[in-house]
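Novice: The structure's right below; bear with me while I get my questions together.
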Amino acid sequence: MELKEQTPITLSLGNGPPPTRRGGLDLIETVQLAWGSLLANKLRSALTMLGVIIGIAAVIAMVAIGRGAQAQTEAQLKSLGSNLIFVQNGAATFGGTPGASQGAGTATTLTWDDAKAIAATAQAVEDVAPQLNGRAQATFAGANTNTNLVGTTPSYVKVRDFLPLTGRFFNQIELDQSAKVAVLGQTVVDELGLDPQSALGKSIRIRGEDFLVIGTLEYKGATQFRDQDDQIVLPLTTMASRIVGVNSLGGIALNNVAVSAKGGDQIDAAQFQITNLLRLRHKIVPPRVDDFFIRTQADLVEASNSVTGIFTILLGVTAAISLVVGGIGIMNIMLVSVSERTREIGIRKAIGARSGDILRQFLIEAVVLAASGGLLGIGLGVAAAWAVSATLGWQTSVAAESIALSLGVCVAIGVFFGVYPARQAARLDPIAALRAD
Numbered sequence: 001m002e003l004k005e006q007t008p009i010t011l012s013l014g015n016g017p018p019p020t021r022r023g024g025l026d027l028i029e030t031v032q033l034a035w036g037s038l039l040a041n042k043l044r045s046a047l048t049m050l051g052v053i054i055g056i057a058a059v060i061a062m063v064a065i066g067r068g069a070q071a072q073t074e075a076q077l078k079s080l081g082s083n084l085i086f087v088q089n090g091a092a093t094f095g096g097t098p099g100a101s102q103g104a105g106t107a108t109t110l111t112w113d114d115a116k117a118i119a120a121t122a123q124a125v126e127d128v129a130p131q132l133n134g135r136a137q138a139t140f141a142g143a144n145t146n147t148n149l150v151g152t153t154p155s156y157v158k159v160r161d162f163l164p165l166t167g168r169f170f171n172q173i174e175l176d177q178s179a180k181v182a183v184l185g186q187t188v189v190d191e192l193g194l195d196p197q198s199a200l201g202k203s204i205r206i207r208g209e210d211f212l213v214i215g216t217l218e219y220k221g222a223t224q225f226r227d228q229d230d231q232i233v234l235p236l237t238t239m240a241s242r243i244v245g246v247n248s249l250g251g252i253a254l255n256n257v258a259v260s261a262k263g264g265d266q267i268d269a270a271q272f273q274i275t276n277l278l279r280l281r282h283k284i285v286p287p288r289v290d291d292f293f294i295r296t297q298a299d300l301v302e303a304s305n306s307v308t309g310i311f312t313i314l315l316g317v318t319a320a321i322s323l324v325v326g327g328i329g330i331m332n333i334m335l336v337s338v339s340e341r342t343r344e345i346g347i348r349k350a351i352g353a354r355s356g357d358i359l360r361q362f363l364i365e366a367v368v369l370a371a372s373g374g375l376l377g378i379g380l381g382v383a384a385a386w387a388v389s390a391t392l393g394w395q396t397s398v399a400a401e402s403i404a405l406s407l408g409v410c411v412a413i414g415v416f417f418g419v420y421p422a423r424q425a426a427r428l429d430p431i432a433a434l435r436a437d
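Terminal number for the sequence shown in UniProt numbering: 437, no gaps in between.
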């Protein structure tokens with residue numbers, strides 16, 4: 001004879017609502033029960049949460065460091081100047097046709113006359129700063145330093161946004177007369193044992209020549225490419241005639257030309273005009289390739305962001321492995337909990353709890369375990385990011401979205417790794433469970 005499931009009988013006194021099923025629990029009661037279970041086994045719960053804590057903390061800290069590095073790099077690149085375009089020498093080739101390229105800047109193709117033509121002809125260009133670079137030993141009163149030498153024109157101040165901190169920059173007359181004057185970066189000032197004020201009027205020696213210090217440049221800091229303060233700026237004519245001594249048939253040879261566009265919306269137009277002008281001046285016609293390279297400030301920022309972005313992703317993925325390990329730990333401990341509480345599950349089912357009630361209880365316990373570890377991990381990660389910034393001087397940036405995402409990931413881990421143990425508990429036969437020791 002087939003037995004039908006009996007509907008539980010409920011009693012009601014007065015006008016109040018009927019009591020809930022004795023085996024069922026509402027959400028608040030289930031969360032309280034989950035907390036009680038965790039607190040009853042404090043050490044085991046703490047060890048289980050450790051993987052999640054470390055994983056979340058690592059993700060928060062690593063992403064904060066990556067975002068900070070990206071923001072710092074963008075700021076440093078913007079400090080190079082505004083609306084910048086860099087025109088570089090072409091690539092020298094080695095061997096036969098087509099030959100092996102030696103990389104941008106290895107050929108000598110740009111001249112001062114090219115820079116003058118860009119300033120005079122390209123309508124989207126605001127100003128131009130030609131540059132002739134080199135390295136040399138600078139000495140003063142027994143101190144010395146090997147530094148970068150930059151030969152340029154007075155427009156360097158405006159194009160590169162590099163203002164004097166003390167003294168002044170050289171003028172057009174000193175450029176025309178190839179005057180032996182120098183403007184020092186702050187790294188050079190420190191290396192020579194001077195300070196920004198006392199350096200003025202001093203005579204430093206470069207390549208056997210005495211140069212009068214007429215100014216020092218403001219602090220710029222280091223970028224991924226070089227220390228911007230480790231330089232001595234000289235008039236271009238002085239640099240070409242007394243330091244480098246390399247000229248081309250077309251005049252003074254340059255390493256690059258820094259160009260400032262009239263506005264951010266004029267960068268593409270300026271790049272187009274410069275390209276056509278230099279092709280015309282250098283007699284370049286297809287299929288011959290350009291003997292120069294043009295890079296914009298936006299190109300540098302994009303390339304830098306790409307590198308730091310990949311770096312941040314790799315760090316985040318590495319840290320996320322700890323979350324997977326933590327999730328496996330949660331699944332393992334929940335399976336142990338199911339095994340330990342088999343009799344409890346049997347009693348609850350015997351007094352009316354449904355499989356869904358048991359499933360929900362153990363699932364919420366797993367989520368509470370993961371979320372608690374996540375909250376502790378977030379606090380630890382923020383503290384770690386602050387400690388890195390305070391001790392190492394690195395810029396860090398903790399984003400609200402990374403915290404929210406971390407919490408969401410913790411809940412997802414609790415659900416994902418808690419489903420299997422919860423289903424195991426819900427499927428227990430009540431009679432077999434009551435017989436368990």
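All residues carry an ideal CB built from backbone N, CA and C; glycine is no exception.
#1: State whether the stretch 136-144 contacts the stretch 198-216, with contact taken as three or more CB pairs (one from each stretch) at a distance under 8 Å.
#2: Assuming contact is defined by CB atoms lying nearer than 7 Å, are Gly151 and Leu234 in contact in what I supplied?
#3: Does DSSP classify Gln197 as helix, strand or coil?
#4: Can you list, in chain order, the residues of its chain with a C-beta nearer than 7 Å to that of Glu209? Leave out the 5 residues immediately preceding and following it.
#5: Tell me which residues share the same chain as Val367 and place their Cβ nearer than 7 Å to its Cβ, disregarding the 5 neighbours each side in the sequence.
#6: So, for Val325: in the same chain, excluding its five sequence neighbours on each side, which residues have a beta-carbon less than 8 Å away from its beta-carbon?
#7: In the structure shown, what three-state DSSP assignment does Gln231 receive?
#8: Which residue comes first and which comes last in the alpha helix (DSSP H) that contains Arg135?
#9: Three Cβ pairs or more, each shorter than 8 Å: is that satisfied between the stretch 344-362 and the stretch 372-384?
#10: Would Ile358 and Ala404 qualify as a contact pair, given that the criterion is a beta-carbon distance under 7 Å?
#11: Can you find a C-beta in chain B that's less than 7 Å from the C-beta of Met331?
#12: Under a three-way DSSP split, which group does Ala417 fall into?
#13: Using the C-alpha atoms, what's the distance from Arg160 back to Lys262?
#14: Just the Cα atoms here: how many angstroms apart are Leu47 and Ala40?
#15: Who are the near neighbours of Ile345 in its chain, counting only those whose CB is closer than 7 Å to its CB and skipping five residues on each side?
#16: Bridge partners of Gly215, per DSSP?
#17: Please work out which residues of its chain come closer than 7 Å, Cβ to Cβ, to Arg281, disregarding the five sequence neighbours upstream and downstream, and give them in chain order.
#18: Taking just the CA atoms, how far does Gly309 sit from Gln395?
#19: Within its chain, find whatever has a CB closer than 7 Å to the CB of Gly264; leave out the 5 residues flanking it on each side and keep chain order.
#20: Have a look at the DSSP bridge pairing and note the partners of Arg207.
#21: Pull up the DSSP beta-bridge partners for Leu84, would you.
#22: Use the C-beta contact count for Ile330: other C-beta atoms within 10 angstroms, 16 or more gives buried, fewer gives exposed.
#23: So Tyr156 and Ala129 are in contact, right, with Cβ under 8 Å, and what is the actual spacing, rounded?
#24: Extract the residue ranges of the beta strand (DSSP E) inside the stretch 270-303, only unbroken runs of 3 or more that lie entirely within it.
#25: Could you give the distance in angstroms between the alpha-carbon of Glu401 and the alpha-carbon of Val63?
#26: Note down the Cα distance separating Leu194 from Leu184, rounded to an integer number of angstroms.
#27: Give the straight-line distance between the Cα atoms of Ser372 and Met49, rounded to the nearest whole angstrom.
#28: By DSSP's criteria, Asn332 is part of a beta bridge. Which residues make up the other side?
#29: Can you name the start and end residues of the beta strand (DSSP E) that Leu149 belongs to?
#30: Whose CA, out of Leu212, Asn171 and Ile232, lies closest to the CA of Glu191?
#31: Am I right that Gly90 and Asp291 are in contact with their C-beta atoms under 8 Å? What's the rounded C-beta distance?
#32: Confirm, please, whether the CB-CB distance from Leu254 to Leu149 is below 7 Å.
#33: Considering Trp112, what are the terminal residues of the alpha helix (DSSP H) in which it resides?
#34: Can the beta-carbon of Asn134 be found less than 7 Å from the beta-carbon of Val244?
Specialist: In short:
#1: As far as the Cβ criterion goes, the stretch 136-144 touches the stretch 198-216, which means the pair count is three or higher.
#2: Along the sequence shown, read from residue 1 onward, the residue named residue 151 stands at position 151. Along the sequence shown, read from residue 1 onward, the residue named residue 234 stands at position 234. For Gly151 and Leu234, yes; Cβs fall inside 7 Å.
#3: Residue mapping note: residue 197 aligns to position 197 of the sequence shown, counting from 1. Coil.
#4: One-based indexing of the sequence shown puts residue 209 at position 209. Within the same chain, Lys180 and Arg242 come within 7 Å of Glu209 by CB-CB distance, once the 5 residues on both sides are set aside.
#5: Taking the first residue of the sequence shown as position 1, residue 367 is located at position 367. Short of 7 Å from the beta carbon of Val367, and not among the five residues preceding or following it, lie these beta carbons of its own chain, in chain order: Val411, Gly414, Val415 and Gly418.
#6: In the sequence shown, residue 325 corresponds to position 325, counting from 1. So the list reads Gly51 and Gly55, once near-sequence residues are dropped.
#7: Position 231 of the sequence shown, counting from 1, holds the residue named residue 231. Reduced to three states, the DSSP call for Gln231 is strand.
#8: Walking along the sequence shown from the start, residue 135 turns up at place 135. Looking at the DSSP string, Arg135 is not in any alpha helix (DSSP H); the run it does join, the beta strand (DSSP E), is Val125 to Phe140.
#9: For the pair of segments examined, the stretch 344-362 was found not to touch the stretch 372-384: the number of CB pairs separated by less than 8 Å stays below three.
#10: In the sequence shown, the residue the question calls residue 358 occupies position 358. In the sequence shown, the residue the question calls residue 404 occupies position 404. Between Ile358 and Ala404, the gap from beta carbon to beta carbon reaches 7 Å or more.
#11: The structure shown contains no chain B; it holds only a single protein chain.
#12: Locating residue 417 in the sequence shown gives position 417, counting from the first residue. Sequence inspection shows Phe at residue 417; the Ala mentioned does not correspond to that position. Helix, per DSSP.
#13: Along the sequence shown, one-based indexing puts residue 262 at 262. Along the sequence shown, one-based indexing puts residue 160 at 160. Near 14 Å, if we compare the C-alpha coordinates of Arg160 and Lys262.
#14: As a first step, residue 47 must be located in the sequence shown, where it is residue number 47. As a first step, residue 40 must be located in the sequence shown, where it is residue number 40. Cα to Cα, Leu47 sits roughly 14 Å from Ala40.
#15: If you number the sequence shown from 1, residue 345 lands on position 345. Shown here for Ile345: same chain residues with a beta carbon closer than 7 Å to its own, the five before and five after excluded, namely Ile358, Ala425, Leu428 and Ala433 in chain order.
#16: Working through the sequence shown from its first residue, we reach residue 215 at position 215. In the DSSP output, where bridge partners are listed per residue, Gly215 has Gly167 and Val183.
#17: Translated into positions along the sequence shown, residue 281 becomes position 281. Short of 7 Å from the beta carbon of Arg281, and not among the five residues preceding or following it, lie these beta carbons of its own chain, in chain order: Asp114 and Ala117.
#18: Residue mapping note: residue 395 aligns to position 395 of the sequence shown, counting from 1. Residue mapping note: residue 309 aligns to position 309 of the sequence shown, counting from 1. One C-alpha to the other measures close to 15 Å.
#19: Stepping through the sequence shown from its first residue, residue 264 is reached at position 264. The answer, listed in chain order, is Asn83.
#20: Walking along the sequence shown from the start, residue 207 turns up at place 207. Its beta-bridge partners do not exist; DSSP assigns none.
#21: Here residue 84 refers to the residue found at position 84 when the sequence shown is read from its first residue. Leu84 pairs with Ser260.
#22: On the sequence shown, residue 330 is found 330 positions in, with the first residue counted as 1. Counting of Cβ neighbours within 10 angstroms places Ile330 among the buried residues, the total reaching 16 or more.
#23: As a first step, residue 156 must be located in the sequence shown, where it is residue number 156. As a first step, residue 129 must be located in the sequence shown, where it is residue number 129. With a contact defined as Cβ atoms closer than 8 Å, Tyr156 and Ala129 qualify at about 4 Å.
#24: Here the runs fully enclosed are 292-296.
#25: Stepping through the sequence shown from its first residue, residue 401 is reached at position 401. Stepping through the sequence shown from its first residue, residue 63 is reached at position 63. In this structure, the alpha-carbon of Glu401 lies about 11 Å from that of Val63.
#26: As a position in the sequence shown, residue 194 is number 194, starting the count at 1. As a position in the sequence shown, residue 184 is number 184, starting the count at 1. Going by the C-alpha atoms only, they are around 11 Å apart.
#27: Walking along the sequence shown from the start, residue 372 turns up at place 372. Walking along the sequence shown from the start, residue 49 turns up at place 49. Taking the CA atoms as reference points, Ser372 sits about 8 Å from Met49.
#28: Start at 1 with the first residue of the sequence shown, and residue 332 comes out as number 332. In the DSSP output, where bridge partners are listed per residue, Asn332 has none listed.
#29: Counted from its first residue, the sequence shown places residue 149 at position 149. That run of the beta strand (DSSP E) goes Ala143 to Thr152.
#30: In the sequence shown, counting from the first residue as 1, residue 191 sits at position 191. For the residues Leu212, Asn171 and Ile232, the minimum Cα distance to Glu191 belongs to Ile232.
#31: Here residue 90 refers to the residue found at position 90 of the sequence shown. Here residue 291 refers to the residue found at position 291 of the sequence shown. The beta-carbon distance between Gly90 and Asp291, rounded to whole angstroms, is 4 Å. This is short enough to meet the 8 Å contact definition.
#32: To locate residue 149, count along the sequence shown from 1; it is residue 149. To locate residue 254, count along the sequence shown from 1; it is residue 254. No, these two residues do not count as a Cβ contact at 7 Å.
#33: Within the sequence shown, residue 112 is the residue found at index 112, counting from 1. Taken as a continuous stretch (DSSP letters only), the alpha helix (DSSP H) holding Trp112 covers Trp112 to Thr121.
#34: Here residue 134 corresponds to residue number 134 of the sequence shown, with the count starting at 1. Here residue 244 corresponds to residue number 244 of the sequence shown, with the count starting at 1. The sequence as given places Gly at residue 134; Asn does not occur at that position. Yes. Within cutoff.
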